[in-house]
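Enquirer:
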Amino acid sequence: MSETNLTNNFLKTRFVERATKAGATVLEVNGLAGAAQAIAETIKTKGEGPLVATPDLLEETGLTGLLPLEPAVDEFKVAGSVAGVSPGRFGIAETGSIVYAANARLDRLVAMFSPIHFAMLYAENIVPDLVVAGGKIRELQVQEGSKYVSFVTGPSRTADIERVLTIGVQGPKELYIVLINGETER
28 MSETNLTNNF LKTRFVERAT KAGATVLEVN GLAGAAQAIA ETIKTKGEGP
78 LVATPDLLEE TGLTGLLPLE PAVDEFKVAG SVAGVSPGRF GIAETGSIVY
128 AANARLDRLV AMFSPIHFAM LYAENIVPDL VVAGGKIREL QVQEGSKYVS
178 FVTGPSRTAD IERVLTIGVQ GPKELYIVLI NGETER
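In the numbering used here, the protein residues as written are 28 to 213.
1. In angstroms, rounded to a whole number, what distance separates the CA positions of alanine 60 and asparagine 208?
2. Can you grab the Cα-Cα spacing for the pair serine 173 / glycine 76, in whole Å?
3. In chain order, what residues of the same chain have a beta carbon less than 7 angstroms from the beta carbon of isoleucine 70, not counting five sequence neighbours either side?
4. Taking Cβ to Cβ, would you say valine 205 is nearer than 8 angstroms to valine 56?
5. For a minimum of 3 consecutive residues, which ranges assigned as the beta strand (DSSP E) are wholly contained in the stretch 34–73?
6. Using beta-carbon positions only, say whether alanine 51 and glycine 123 come within less than 8 angstroms of one another.
7. Around the Cβ of tyrosine 175, are there at least 16 other Cβ atoms within 10 angstroms (buried) or fewer (exposed)?
8. I need the DSSP call for alanine 160, collapsed to helix, strand or coil.
9. Leaving out five residues before and five after alanine 120 in sequence, what residues of the same chain have Cβ atoms less than 6 angstroms from its Cβ?
10. Excluding the 5 residues flanking isoleucine 164 on each side, which residues of the same chain have their C-beta closer than 6 angstroms to its C-beta?
11. Going by beta-carbon coordinates alone, are methionine 139 and valine 112 separated by less than 8 angstroms?
12. For the beta strand (DSSP E) that glutamate 102 lies in, which residues bound it at each end?
13. Rounded to whole angstroms, how far is the Cβ of asparagine 36 from the Cβ of glutamate 151, which I believe are closer than 8 angstroms?
14. Taking all protein chains shown into account, decide if glycine 74 is buried (16 or more other Cβ within 10 angstroms of its Cβ) or exposed.
15. What three-state label does DSSP hand glutamate 75 in the structure shown?
16. Excluding the five sequence neighbours on either side, which residues of its own chain have a C-beta within less than 8 angstroms of the C-beta of glycine 181, listed in chain order?
17. Can you tell me where the beta strand (DSSP E) with alanine 296 in it begins and where it stops?
18. I need the straight-line Cα distance from valine 62 to phenylalanine 117, nearest angstrom please.
19. Mind checking which residues open and close the beta strand (DSSP E) that includes asparagine 208?
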């Protein structure tokens with residue numbers, strides 16, 4: 028096994044450990060077909076309602092033919108969905124966080140308002156730590172003009188009310204990270 032493969036495996040293992048510890052469920056899959064299958068199987072147990080996706084995910088991935096995805100047209104559609112699917116730009120092994128970068132409001136809403144969120148992440152896009160993440164964010168801002176960058180570590184949690192920890196009040200109650208192996212980002 029090459030040194031690069033060892034490093035990638037270490038980063039992936041650490042990312043999965045940290046994300047799981049933060050309350051996320053990691054679904055490790057092979058390719059987009061595997062991602063679609065894992066989402067479909069998981070969503071069966073979650074109730075009725077639309078499965079919404081960010082417009083860029085619908086355009087760029089080919090998941091549309093694999094899952095009954097509907098475009099996230101406004102915040103009401105997203106909040107009324109059973110779940111949302113959006114692409115993470117990269118993951119951070121040190122914290123188990125997913126980083127989102129977008130300019131469009133609808134792209135942000137799926138990750139923030141969906142009761143259950145499926146974050147798509149290519150395993151090759153995991154960086155070791157926050158220092159490297161900072162450099163990648165600068166690249167996104169320069170190359171793509173990304174105005175909105177968000178770090179998500181586990182499902183939404185707050186202890187605002189009487190210092191009682193509550194999950195899912197200010198964002199998704201459940202976070203599934205669909206970690207895609209064996210395929211490069213489109």
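Quick reminder that beta carbons are idealized off the backbone N, C-alpha and C, glycines included.
Expert: By the coordinates alone:
1. Mapped onto the sequence shown, residue 60 falls at position 33. Mapped onto the sequence shown, residue 208 falls at position 181. So the two alpha carbons sit approximately 11 angstroms from each other.
2. The residue given as residue 173 occupies position 146 in the sequence shown. The residue given as residue 76 occupies position 49 in the sequence shown. Rounded to whole angstroms, serine 173 to glycine 76 spans 31 angstroms at the Cα level.
3. On the sequence shown, residue 70 is found 43 positions in, with the first residue counted as 1. For isoleucine 70, the CB contacts under 7 angstroms within the same chain, skipping 5 residues up- and downstream, are Leu78, Val109 and Ala110 in chain order.
4. Mapped onto the sequence shown, residue 205 falls at position 178. Mapped onto the sequence shown, residue 56 falls at position 29. Taking 8 angstroms as the Cβ cut-off, valine 205 and valine 56 qualify as a contacting pair.
5. Whole beta strand (DSSP E) segments, 3+ residues: 52–57.
6. Your numbering for residue 51 matches position 24 in the sequence shown. Your numbering for residue 123 matches position 96 in the sequence shown. Yes, they are a contact pair.
7. Position 148 of the sequence shown, counted from the first residue, corresponds to residue 175. Classification of tyrosine 175: exposed, given that the 10 Å Cβ count is below 16.
8. Here residue 160 refers to the residue found at position 133 when the sequence shown is read from its first residue. DSSP places alanine 160 in helix when its eight states are reduced to three.
9. Here residue 120 refers to the residue found at position 93 when the sequence shown is read from its first residue. The beta carbon of alanine 120 sits closer than 6 angstroms to those of Leu38, Arg41, Phe42, Ile153 and Pro155, all from its chain and outside the five residues before and after it, given in chain order.
10. Counted from its first residue, the sequence shown places residue 164 at position 137. Beyond the five residues adjoining it in sequence on each side, isoleucine 164 comes within less than 6 angstroms, by CB distance, of Val176 in the same chain, given in chain order.
11. Here residue 139 refers to the residue found at position 112 when the sequence shown is read from its first residue. Here residue 112 refers to the residue found at position 85 when the sequence shown is read from its first residue. The answer is no: Cβ separation not under 8 angstroms.
12. If you number the sequence shown from 1, residue 102 lands on position 75. Unbroken run through glutamate 102 is the alpha helix (DSSP H), 102–106; no beta strand (DSSP E).
13. On the sequence shown, residue 36 is found 9 positions in, with the first residue counted as 1. On the sequence shown, residue 151 is found 124 positions in, with the first residue counted as 1. 12 angstroms between Cβ atoms; not a contact.
14. Working through the sequence shown from its first residue, we reach residue 74 at position 47. By the neighbour-count definition (other C-beta atoms within 10 Å, threshold 16), glycine 74 is an exposed residue.
15. Here the question's residue 75 lines up with position 48 in the sequence shown. In the three-state scheme derived from DSSP, where H, G and I count as helix and E and B as strand, glutamate 75 is classed as coil.
16. Taking the first residue of the sequence shown as position 1, residue 181 is located at position 154. Excluding its 5 nearest sequence neighbours in each direction, glycine 181 has C-beta neighbours in its own chain below 8 angstroms: Ala46, Ala49, Gly50, Ala51, Gly123 and Leu202, listed in chain order.
17. Since the displayed the chain opens at 28 and closes at 213, residue 296 lies outside it and no answer follows.
18. Start at 1 with the first residue of the sequence shown, and residue 62 comes out as number 35. Start at 1 with the first residue of the sequence shown, and residue 117 comes out as number 90. Note that residue 62 is alanine in the sequence shown, not valine. Distance between the alpha carbons of alanine 62 and phenylalanine 117 is about 16 angstroms.
19. Your numbering for residue 208 matches position 181 in the sequence shown. 201–208 is the span of the beta strand (DSSP E), which, as asked, contains asparagine 208.
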